Amino acid sequence: MSSTSFQHIVLAGNIGAGKTTLTRLLSRRYSWRSYYERVDDNPFLEDFYSDMARWAFSLQTFFLAHRVEDHRLIADRQESAIQDRSLQEDALIFARNLHEMGHMSEREWETYRRLYQQARALLRPPDLIVYLRRSLEGLQANIEQRGRDFESKIPADYLLRLNRFYEDWIASETVPTLIVEADHVNYLEKDSDREHLYAQFENALGQGDLFSDSAPRPEDPRFEFHSREAHSLLGQAGFSG
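317 is the number that our numbering gives the last residue of the sequence shown; the numbers go up by one with no jumps.
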């Protein structure tokens, strides 16, 4: 899939989809470096959930800057890595949603778009996106379980809008993508589900021979792989709407 000796994997999904947990599991399984989303030390996050219009641009710019930094480090270090959330999600889902909801002004949106497009043009694309598709009920259950006070304020319609934008993005993204129906794959507590997910992941990479315990698995409706024959540098860099 890649002409380089390392793999850059992105874990994608809505708030509460289970990305951080799976990033940790995959990193341990394959001894790959992990890059986590900056949440606990993000200086804007709690303010944002109290006043989205005031803090939307600051929050999204913070996320974008750190995502670009991590993306560049992965390329510079040339070590296989798992990245919790992608540059594409920042712009094509979260920032777009805030703009369309009226929380980001036109001039803020235009500035953000330009930053994102320049970053996308300069960075090596990931080799594989693993998209954790999860229902509203599943997202809310995970959000409640991890108990972050600021996340308890997230309205259901906000999460539903993000889910719709995720589907728009995944349908048009050019990077190879493994879609996981995360409501039906208990990779945290069920060993058989976790091992099956690992096998699907290895097959999606197209390099199963690197993993001694991997073997072809029958088709499973909980997993869907899109090889994306057109894998370009820019990928989907545009914005609709």
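Where is the CB? At the ideal position from N, CA and C, for every residue including glycine. A quick note: this is a predicted structure, and the numbers were derived from the prediction, not measured.
Residue range of the unbroken alpha helix (DSSP H) whose run includes residue i
i: Phe301; result: Careful: Phe301 lies outside any alpha helix (DSSP H), inside the beta strand (DSSP E) at Phe299 to His302.
i: Glu295; result: That residue, Glu295, is in no alpha helix (DSSP H); it is neither H nor E in DSSP.
i: Ser268; result: Asp267 to Leu281
i: Asp123; result: Leu121 to Ser126
i: Asn173; result: Arg172 to Glu176
i: Ala167; result: Careful: Ala167 lies outside any alpha helix (DSSP H) and carries neither H nor E.
i: Arg183; result: Glu182 to Leu198
Contact under 7 Å by Cβ, residue i with residue j
i: Asn262; j: Asp269; result: yes
i: Leu163; j: His147; result: yes
i: Gln276; j: Asp203; result: no
i: Asn90; j: Leu215; result: yes
i: Phe63; j: Met180; result: Outside the modelled stretch of the chain, which goes from 77 to 317, sits residue 63, for which no answer is possible.
i: Val251; j: Ile205; result: yes
i: Gly94; j: Ala258; result: yes
i: Trp108; j: Ile150; result: no
i: Ala88; j: Glu165; result: yes
i: Phe226; j: Tyr125; result: yes
i: Leu235; j: Leu199; result: no
i: Gly92; j: Asn239; result: no
i: Arg183; j: His142; result: no
Residues sharing a beta bridge with residue i, DSSP
i: Arg109; result: Ala157
i: Leu204; result: Ile85
i: Arg209; result: Glu257
Option in the options with minimal Cα separation from residue i
i: Phe299; options: Asp267, Lys266 and Thr253; result: Thr253
i: Gln154; options: Glu243, Asp233, Ala258 and Ser81; result: Ser81
i: Ile246; options: His175, Thr137, Tyr207 and Ile91; result: Tyr207
i: Asp116; options: Thr99, Phe139 and Trp108; result: Phe139
i: Asp160; options: Gly178, Arg200 and Arg100; result: Arg100
i: Glu122; options: Leu281, Asp244, Tyr274 and Ile230; result: Ile230
i: Ala197; options: Lys95, Phe120, Val144 and Phe226; result: Val144
i: Tyr242; options: Phe226, Asn173, Asp225 and Leu199; result: Asn173
i: Ser103; options: Glu184, Thr187, Ala232 and Tyr274; result: Tyr274
i: Glu249; options: Leu168, Ser126 and Leu98; result: Leu168
i: Asp244; options: Phe170, Arg190 and His260; result: Phe170
i: Ser110; options: Ile85, Glu184 and Glu182; result: Ile85
i: Arg105; options: Phe301, His302 and Asp267; result: Asp267
i: Leu98; options: Asp233, Arg189, Thr137 and Leu264; result: Leu264
i: Arg130; options: His175, Glu295 and Gly282; result: His175
i: Arg32; options: Gly223, Arg210, Asp233 and Thr137; result: Any question about residue 32 goes unanswered here, given that the chain covers just 77 to 317.
i: His260; options: Gly223, Gly282 and Arg210; result: Arg210
i: Asp296; options: Ser303, Gly282, His272 and His302; result: His272
> If you scan the region 222-265 from start to end, which runs of the alpha helix (DSSP H) of 4 or more residues do you find wholly inside it?
Replying inline: 232-248
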